[in-house]
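Chemist:
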Amino acid sequence: MLKPGQLVTVSVHSLTDKGDGIATLEGRPLYIEGILPGERAEVRLTLVKPNYCHGQAVQLLQAAAARCQDFCPYTACGGCQLRVMSNSAQLELKRQLLLEALQAQGLDCPVAQTLGMDEPYHYRNKAQYAVQPGPYIGFYAKHSHQLVEVDECRVQAPETTEVVRLIRSWMRQCAVPAYNEALHVGCVRHIMVRNGVNSGEVMVVLVVAEMPAEAALEQLVAQLGPVPGLASLILNLNTATGNRVLGPDNRLLWGKDSIDDSLDGLAFSISPLSFYQVNPRQTEVLYREALRQASLQGHEVVFDLYCGIGTIALFMSRKAHRVIGIELVPEAIADARANAALNAISNVEFHQGAAELRVPELYAEGVRADVVVVDPPRKGCDPALLETLARMRPERLVYVSCNPKTLARDLAWLTDHGFVLEQATPVDMFPHTMHVETVALLTRRADEK
Numbered sequence: 006m007l008k009p010g011q012l013v014t015v016s017v018h019s020l021t022d023k024g025d026g027i028a029t030l031e032g033r034p035l036y037i038e039g040i041l042p043g044e045r046a047e048v049r050l051t052l053v054k055p056n057y058c059h060g061q062a063v064q065l066l067q068a069a070a071a072r073c074q075d076f077c078p079y080t081a082c083g084g085c086q087l088r089v090m091s092n093s094a095q096l097e098l099k100r101q102l103l104l105e106a107l108q109a110q111g112l113d114c115p116v117a118q119t120l121g122m123d124e125p126y127h128y129r130n131k132a133q134y135a136v137q138p139g140p141y142i143g144f145y146a147k148h149s150h151q152l153v154e155v156d157e158c159r160v161q162a163p164e165t166t167e168v169v170r171l172i173r174s175w176m177r178q179c180a181v182p183a184y185n186e187a188l189h190v191g192c193v194r195h196i197m198v199r200n201g202v203n204s205g206e207v208m209v210v211l212v213v214a215e216m217p218a219e220a221a222l223e224q225l226v227a228q229l230g231p232v233p234g235l236a237s238l239i240l241n242l243n244t245a246t247g248n249r250v251l252g253p254d255n256r257l258l259w260g261k262d263s264i265d266d267s268l269d270g271l272a273f274s275i276s277p278l279s280f281y282q283v284n285p286r287q288t289e290v291l292y293r294e295a296l297r298q299a300s301l302q303g304h305e306v307v308f309d310l311y312c313g314i315g316t317i318a319l320f321m322s323r324k325a326h327r328v329i330g331i332e333l334v335p336e337a338i339a340d341a342r343a344n345a346a347l348n349a350i351s352n353v354e355f356h357q358g359a360a361e362l363r364v365p366e367l368y369a370e371g372v373r374a375d376v377v378v379v380d381p382p383r384k385g386c387d388p389a390l391l392e393t394l395a396r397m398r399p400e401r402l403v404y405v406s407c408n409p410k411t412l413a414r415d416l417a418w419l420t421d422h423g424f425v426l427e428q429a430t431p432v433d434m435f436p437h438t439m440h441v442e443t444v445a446l447l448t449r450r451a452d453e454k
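So that you can map any letter, position 318 of the sequence shown is 323 in the working numbering, and since no number is skipped, the others follow by simple counting.
1. Starting from P431 and walking both ways along the beta strand (DSSP E), at which residues does that stretch end?
2. So is L419 buried or exposed if we call it buried at 16+ other beta carbons inside 10 Å?
3. Just to confirm before moving on: does the CB-CB distance between G10 and L35 stay below 8 Å?
4. Along the alpha helix (DSSP H) that carries M176, what are the first and last residues, could you check?
5. For Q86, verify whether its CB is less than 7 Å away from any heavy atom of the ligand FMN.
6. For A490 and L41, I'd like the C-alpha separation in whole angstroms.
7. Does the distance from the C-beta atom of A132 to that of G143 stay below 8 Å?
8. Tell me V226's beta-bridge partners as DSSP assigns them.
9. Among A218, D415, L268, which one has its Cα closest to the Cα of V290?
10. Who are the near neighbours of R286 in its chain, counting only those whose CB is closer than 8 Å to its CB and skipping five residues on each side?
11. Taking the beta carbon of S351 as the centre, do at least 16 other beta carbons fall within 10 Å, making it buried, or is it exposed?
12. Quick check on the burial criterion: 16 or more other C-beta atoms within 10 angstroms. Buried or exposed for L211?
13. Out of H356, A71, K324, L257, state which residue places its alpha-carbon closest to the alpha-carbon of V89.
14. Taking Q67 as the reference, which of Q86, I172, V181, R45 has the closest Cα?
15. Within 10 angstroms of the Cβ of V441, are there 16 or more other Cβ atoms? Answer buried if so, exposed if not.
16. Just mark G32 as buried or exposed, buried being the case when its beta carbon has 16 or more other beta carbons within 10 Å.
17. By DSSP's criteria, V306 is part of a beta bridge. Which residues make up the other side?
18. Give the DSSP-derived three-state secondary structure of N92 in the structure shown.
19. Return the chain-ordered ranges of every alpha helix (DSSP H) run that is complete within the region 373–423 and spans a minimum of 4 residues.
20. Could you check whether the region 388–407 touches the region 74–90, counting it as contact only if at least three pairs of C-beta atoms, one from each stretch, sit closer than 8 Å?
21. Can you tell me the Cα-Cα spacing of N185 and L102, whole angstroms?
22. Tell me, which residues are paired with M197 by DSSP?
23. Could you have a look at D265 and say whether DSSP puts it in helix, strand or coil?
24. Using 10 angstroms around the beta-carbon of S276, count the other beta-carbons present and answer buried if the total reaches 16, otherwise exposed.
25. Quick one: is A345 buried, meaning 16 or more other Cβ sit within 10 Å of its Cβ, or exposed?
26. Have a look at the DSSP bridge pairing and note the partners of L240.
27. Going by C-alpha to C-alpha distance, which of R373, N348, A369, V328 sits closest to F355?
28. With DSSP collapsed to three states, give me the class of Q64.
29. Please say whether E305 and T193 have beta carbons closer to each other than 8 Å?
30. Report the three-state DSSP secondary structure of I27 (helix, strand or coil).
31. Please list the terminal residues of the continuous alpha helix (DSSP H) segment that includes Q151.
32. Terminal residues of the continuous alpha helix (DSSP H) containing F320?
33. Using alpha carbons as the reference points, say which of L447, Y141, F320 lies closest to E154.
34. Between the Cα of Q137 and those of A117, D340, H326, A187, spot the shortest distance and give me the residue it belongs to.
35. First and last residue of the beta strand (DSSP E) that includes L301?
In structure tokens form, the structure reads like this:
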């Protein structure tokens, strides 16, 4: 009979969607953090349930060929689940995850090799650090709200290390307390750093539950002055309980209220609340692949659904006759229109509203799309939207997805309703994690034309 504390020897055959190794022990799955498929390990059981177990690796008995040296000393941090897997193995794993999701829905199409980064480090242009009494500054441990203090992160922009060091020093010098979540007292809750990868500009947002003294804020401005590229220092007031990082109120302390960046020659203005892809290098790869699959010739009307701040729409506008973007969030639509104006692009228009409601309205008004691009949240497309797309019957439908399972579900529905799945390309937007981004192409079935 299995019991906690017992030592067992097992072989790992696969990974969970959180990156934990899975072995089979007496007919039930055993989940082990940090062990790769193909590895054999001695494991101490930490939790035993009738249908599953958890364990902690005690000794690695046989290493997988994919194993590499861990690049991060903060092993408790929950951010990078695949740190000990080589980059090439990660790319193949993500292709396999996509293939398995498609096959589970009975789908078969060419799946390209994963498009990855040559140097998959320092790729994030946005860092959100939690702050707790100490002050301790870092990220949360896996499956918990326990803070892991981090001095340097290999996937964040290098400037964030200096920002965190200076703010920690400022809090101590000026006796500015960290926020206590349990007691709802204190001041500093989070530190957010945004980087314009191509512009070199840096924005620092200090999230507070109460206003620090003016003298302390003046000292903060002076303290952060040496940060390379610093262009914006903003105080964000968040008095609400709960885990939401940013509040609705921003106060500009120094510099300008937004920073600039560019993607593939397009300019974007980024404010504290703007959505902007956190890996700009791979965002260009992703959107170029979407543009390739769209095969635009210059005469098409394109719908960009779940368009966010208009990045895909602006990419498509350079090859299309007209682009219509639709997004639920009003602030994102405002940013999208501003970005179109910033780039002097006049053949795009943006509509605020739920795609599943606005697209049927446009269709009823006689507005048709030759090409549709969808980039929904992890839950996938709303069924009402899929039904409208099936009635509209665009020539090409490019599906950009951050979740292979919901992607495969929606693709299966679309192939049952007039479309042919032509190809799929995984893109590694978040190296060292289990996250898989995909661009898939559907065309209208010949008998539907």
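Quick reminder that beta carbons are idealized off the backbone N, C-alpha and C, glycines included.
Modeler: Well, looking at it:
1. One-based indexing of the sequence shown puts residue 431 at position 426. Element bounds for P431: 424–432.
2. Residue mapping note: residue 419 aligns to position 414 of the sequence shown, counting from 1. With 16 or more Cβ atoms within 10 Å of its Cβ, L419 is classed as buried.
3. By one-based count along the sequence shown, residue 10 stands at place 5. By one-based count along the sequence shown, residue 35 stands at place 30. In this structure, L35 does not lie closer than 8 Å to G10 by Cβ.
4. As a position in the sequence shown, residue 176 is number 171, starting the count at 1. 164–178 is the extent of the alpha helix (DSSP H) around M176.
5. Annotation note on the ligand FMN: not contained in the displayed structure, which lists no ligands.
6. Lying outside 6 to 454, the shown extent of the chain, residue 490 is not represented and no answer is given.
7. Within the sequence shown, numbered from 1, the residue matching residue 132 stands at position 127. Within the sequence shown, numbered from 1, the residue matching residue 143 stands at position 138. Not closer than 8 Å, so no.
8. Numbered from 1 along the sequence shown, position 221 holds the residue referred to as residue 226. Paired residue(s): none; V226 is not in a bridge.
9. Here the question's residue 290 lines up with position 285 in the sequence shown. The candidate whose alpha carbon is nearest that of V290 is L268.
10. The residue given as residue 286 occupies position 281 in the sequence shown. Counting only Cβ-Cβ distances below 8 Å, and skipping sequence neighbours, we find M122, Y128, V202.
11. Reading the sequence shown from its first residue, position 346 is the one you call residue 351. The residue is exposed, with fewer than 16 neighbouring Cβ atoms inside 10 Å.
12. As a working note, residue 211 is residue 206 in the sequence shown. Buried, since its Cβ has 16 or more Cβ neighbours within 10 Å.
13. Looking up residue 89 in the sequence shown gives position 84. Ranking H356, A71, K324, L257 by Cα distance to V89 puts A71 first.
14. Taking the sequence shown and counting its residues from 1, one reaches residue 67 at position 62. Nearest option by C-alpha distance: R45.
15. Taking the first residue of the sequence shown as position 1, residue 441 is located at position 436. With 16 or more other Cβ atoms within 10 Å, it is buried.
16. By one-based count along the sequence shown, residue 32 stands at place 27. With fewer than 16 other Cβ atoms within 10 Å, it is exposed.
17. Along the sequence shown, read from residue 1 onward, the residue named residue 306 stands at position 301. R327.
18. On the sequence shown, position 87 is the one that residue 92 refers to. Helix.
19. 388–397, 409–420
20. no
21. One-based indexing of the sequence shown puts residue 185 at position 180. One-based indexing of the sequence shown puts residue 102 at position 97. Taking the straight line joining both Cα atoms gives about 40 Å.
22. The count along the sequence shown starts at 1 and reaches residue 197 at position 192. Answer by DSSP bridge pairing, in chain order: Q133, V210.
23. Here residue 265 refers to the residue found at position 260 when the sequence shown is read from its first residue. D265 falls in the strand class under three-state DSSP.
24. Position 271 of the sequence shown, counted from the start, is the residue given in the question as residue 276. Buried.
25. Taking the first residue of the sequence shown as 1, we reach residue 345 at position 340. Buried is the call here.
26. Here residue 240 is taken as the residue at index 235 of the sequence shown, counted from 1. Beta-bridge pairing links L240 to L211, R256.
27. Counting from one through the sequence shown, the residue named residue 355 turns up at place 350. The residue with the shortest Cα to Cα distance from F355 is V328.
28. Here the question's residue 64 lines up with position 59 in the sequence shown. Q64: strand per DSSP, three-state reduction.
29. Residue numbering aside, residue 193 sits at position 188 when the sequence shown is read from its first letter. Residue numbering aside, residue 305 sits at position 300 when the sequence shown is read from its first letter. Rather than Thr, the amino acid found at residue 193 in this sequence is Val. No, they are not a contact pair.
30. In the sequence shown, residue 27 corresponds to position 22, counting from 1. Correct three-state label for I27: strand.
31. Residue numbering aside, residue 151 sits at position 146 when the sequence shown is read from its first letter. No alpha helix (DSSP H) holds Q151; DSSP gives it neither H nor E.
32. Taking the sequence shown and counting its residues from 1, one reaches residue 320 at position 315. Looking at the DSSP string, the run of the alpha helix (DSSP H) that includes F320 is 316–322.
33. Position 149 of the sequence shown, counting from 1, holds the residue named residue 154. Selected option, being the one with the closest Cα: Y141.
34. Mapped onto the sequence shown, residue 137 falls at position 132. Per the Cα distances, A187.
35. For the purposes of this step, residue 301 is taken as the residue at position 296 of the sequence shown. It is not in any beta strand (DSSP E) - L301 carries neither H nor E in the DSSP assignment.
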